[in-house]
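Right under this line is the structure:
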């Protein structure tokens, strides 16, 4: 059995890392990679002979949750596993609502990733234990994410520092140098900021932070 995979992630290095993990298994083959949800959908329009997509969440143009919703409507046979850095409650909730078949963290090892893919194609749901636990908690105590007011927005001191640097037009590497962080840590902070502010890009984040007097 040859399982045909698509990888959607705007971080080229992470895409390569995922491809390397998958290369250990002869029953998997990566058919395409895309840098955002829109590019993924464009590629599926040309050929949707794909079994499963590994989908990042925070991406420009069209994020992973929006893309999942569109793909599930147009190509219901394709299974989708969210493969992301954070086990954020709202992302888990919105991913499941959009039709995602599983949710794994990017640090997952090659064997568990393979097992998750096979399980998902056999009708199961791939989930890290921490995510399964959060999903159970969300089911027991549902949160109406849409109804939350902007007053709930709380950023950590470090996230505010990152956002202030971002508002000055600095890139990830400059911010990392200024705050003595690694670029990947800066990226994680920015993903967290986007999630907390419920925005999809830098401009929206800066505008919302200013309107909430965060910066």
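Residue numbers (the UniProt record's numbering): 1 to 215. Glycine residues also receive a C-beta, built at the ideal position from the N, C-alpha and C atoms.
So who's on the other strand from residue 79, going by DSSP bridges?
As DSSP reads the structure, residue 79 sits in a beta bridge with 52.
With H, G and I counted as helix, E and B as strand and the rest as coil, what does DSSP make of residue 219?
Absent from the structure is residue 219, since the part of the chain shown begins at 1 and ends at 215.
Could you tell me which whole alpha helix (DSSP H) segments of length 4 or greater appear in the UniProt domain "HTH luxR-type" (148-213)?
Runs of the alpha helix (DSSP H) inside the UniProt domain "HTH luxR-type" (148-213): 157-167, 172-179, 183-197, 202-211.
Measure the Cβ-Cβ separation of residue 64 and residue 32 and say whether it is below 8 Å.
Taking the C-beta atoms as reference points, residue 32 is found no nearer than 8 Å to residue 64.
Can you name, in chain order, every residue of its own chain whose Cβ lies under 8 Å from the Cβ of residue 96, other than the five neighbours on each side?
Closer than 8 Å at Cβ, skipping near neighbours: 103, 135.
Strictly by DSSP, which residues pair up with residue 218?
Only positions 1 to 215 of the chain appear in the structure, and residue 218 is not among them; the question remains open.
Is the separation between the beta-carbon of residue 206 and that of residue 166 shorter than 8 Å?
Going by C-beta atoms, residue 206 is nearer than 8 Å to residue 166.
For residue 3, the residue or residues it bridges with in DSSP:
Beta-bridge annotation (DSSP): residue 3 is paired with 28.
Applying the 10 Å Cβ sphere with the 16-neighbour rule, what's the burial state of residue 116?
Taking every protein chain shown into account, the CB of residue 116 has 16 or more other CB atoms within 10 angstroms, so this residue is buried.
I need the straight-line Cα distance from residue 75 to residue 215, nearest angstrom please.
Answer to the nearest angstrom: the Cα atoms are 42 Å apart.
Run through DSSP, which three-state label would residue 8 get?
When secondary structure is reduced to three states using DSSP, residue 8 falls in the strand class.
On a Cα-Cα basis, can you pick out the residue from 107, 73, 213 that is closest to residue 82?
The residue from 107, 73, 213 with its alpha-carbon nearest to that of residue 82 is 107.
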